[in-house]
Amino acid sequence: MTYALPLHMFLFDRILFNVTRNELGNVLQMTASRSEQAQWTASMQYNELGQEIERILPGDVISKWQYDITGRPTHHRVSSQSRDKRRRAYNWDVNHQLRSMVNELTGVKVTYGYDEFSNLVWANQDSRQFDFLYRSVDDVGNLYETKDKKDRVYGAGSRLLETKDAKFSYDEEGNLVEKVEHNGDTWQYEYYGNGMMSKVIRPDLTEVTFKYDTLGRRIEKCSEGRATHFVWDGNTILHEYLSQANSVENASQTADLDSLVTWVFNDGFVPSAKITSEGNYSIISDYLGTPVEAYDEQGHKVWSAELDVYGRVKEFTGDKDFIPFRYQGQYEDVEIGLYYNRFRYYDPVLGNYTQVDPILKAKKANRKIRFRL
């Protein structure tokens, strides 16, 4: 299947995607090309269950997966030019919960613990007594970072009121409107009538504003005289580019043509490639679909990131926002410290969303993210 998707028919050249599938619908090969640039290609193989076991990428980068008899991933290996770049081993319990993950290149082991409801409640690295990261949950679903659940104060409707670092205020709908850090720094949040975030005012009084289309997809982010524009393909971002913010001219007239980024996704929300004017980059994701590494066309690793159980970037190489996608569906906005998550924003520091779930709003659903590995 071959199809062409224009960014803006009046603005940029077309990008050509080619997708080849097998009789079961699995993608065997993806290609992407733009203008006169070199073509990006990914070739995949699958097991009898339809799970990907191999992906071959430019620069002799190869990603390989192994699974147990129940279909759970047990090993992931990424090599470039026959040298191992990433090796992970996964161990599962009888309830199909991930119990440990081992970095076979460094020997570092992370173990995980769950409560009786299968909620992930802690992670520990190398069995260190003082290196536990808690995600404790009380009876109504409120989240805490300590085992004794005394580090946070919640109010009516499970609204987080205070942590050791900040205090929080909300509007009548339950949307976060102010965060006052204990050092006095204040963040302010404003919303459109439909509950979508319209503006964030940072402690330095810099304003970051947002615009959305009729489907609720974010199409513009503005800050400090620059606007980032987003063009969508369904529920995934296809292109993004920069222009002058608040210009009386059309965005096409002030667009920075060299800033155009095209994202190639697998079926769903897992990014596979970043296409730019400087070159094409392949993206490696873990078994959750979280991007963990990126390679250039020569097979050199240009970016990597590891997230903790809250989704925070705990370590990275390269430019942190070179790949802005975190857990599936999340796009990090470094300007405000939040992850855009289609209809609302997630705070990785707190593990909460800033807004009430628009789908479950009428049912007064609690605002926590359920997390399970």
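Here the sequence shown is numbered in UniProt numbering, starting from 1 and rising by one per residue.
Cβ coordinates follow ideal geometry from the N, Cα and C atoms, glycine included.
Would you please state the rounded distance, in angstroms, between the beta carbons of valine 108 and tyrosine 114? I believe it to be under 8 Å. Rounded, the Cβ-Cβ distance is 21 Å, inconsistent with contact.
Find out if the Cβ-Cβ distance for the pair isoleucine 323, proline 291 is shorter than 8 Å. yes
Tell whether a beta-carbon distance below 8 Å holds between phenylalanine 269 and glycine 289. yes
Tell me the DSSP secondary structure of aspartate 347 in three-state form. strand
What's the gap between the Cα of valine 349 and the Cα of histidine 239? 28 Å
Neighbour-count burial assignment, arginine 55, 16 or more Cβ in a 10 Å radius: buried
Along the chain, which unbroken stretches of the alpha helix (DSSP H) at least 4 residues long are found entirely within the segment 2–73? none
Burial state of asparagine 22, where buried means 16 or more other Cβ atoms lie within 10 Å: exposed
Check each candidate in Ser118, Gly279, Leu242 and name the one with the smallest Cα separation from arginine 135. Ser118
Continuous alpha helix (DSSP H) assignments of at least 4 residues falling wholly in the segment 157–213: none
CA nearest to the CA of aspartate 165, picked from Val180, Asn175, Asp126, Tyr154: Val180
Less than 8 Å between the beta carbons of leucine 24 and serine 43, yes or no? no
Could you check if glycine 351 is buried or exposed, using at least 16 other CB atoms within 10 Å of its CB as the buried criterion? buried
Classify phenylalanine 322 as helix, strand or coil using the three-state DSSP reduction. helix
If we ignore side chains and look at the alpha-carbon of each, how far apart do tyrosine 327 and glycine 311 end up? 7 Å
Indicate whether alanine 255 and serine 272 have their beta-carbon atoms separated by less than 8 Å. no
Run through DSSP, which three-state label would arginine 152 get? coil
Does the beta-carbon of leucine 307 have 16 or more other beta-carbons within 10 angstroms, so that it is buried, or is it exposed? buried
Identify whether alanine 245 lies in helix, strand or coil by the three-state DSSP scheme. coil
What's the C-alpha gap between glutamate 178 and arginine 344? 16 Å
If I measure Cβ to Cβ from lysine 167 and keep anything under 6 Å in the same chain, skipping five residues before and after, which residues do I get? Val180
Straight-line CA distance for glutamine 125 to lysine 149? 21 Å
Per DSSP, cross-strand counterpart(s) of threonine 262: His239, Ile275
With 16 other Cβ atoms within 10 Å as the buried cut-off, status of lysine 314: exposed
Under the DSSP definition of a beta bridge, which residues are partnered with asparagine 103? Arg88
Quick check on lysine 109: does DSSP put it in helix, strand or coil? strand
Is DSSP giving lysine 221 helix, strand or coil here? strand
Exposed or buried, what is tyrosine 144 when buried is set at 16 or more other beta-carbons lying within 10 Å of its beta-carbon? buried
If you follow the beta strand (DSSP E) that tyrosine 134 is part of, which residue opens it and which one closes it? 132–134
Can you check DSSP and say which residues form a bridge with isoleucine 283? Ala294
Please report the distance separating the alpha-carbon of tryptophan 303 from that of aspartate 258. 20 Å
Taking C-alpha atoms, which residue in Asp286, Val261, Pro73 lies nearest to glutamate 278? Val261
What residues in its chain sit with their C-beta under 6 Å from that of threonine 20, if we drop five residues either side in the sequence? Leu28, Gln29
Outcome for aspartate 267 when other beta-carbon atoms lying within 10 angstroms are tallied against a minimum of 16: exposed
Measure the alpha-carbon distance for threonine 70 versus serine 285 and round it to whole angstroms. 21 Å
Could you tell me the boundaries of the beta strand (DSSP E) in which alanine 255 lies? Alanine 255 -> no beta strand (DSSP E), and no H or E assigned at all.
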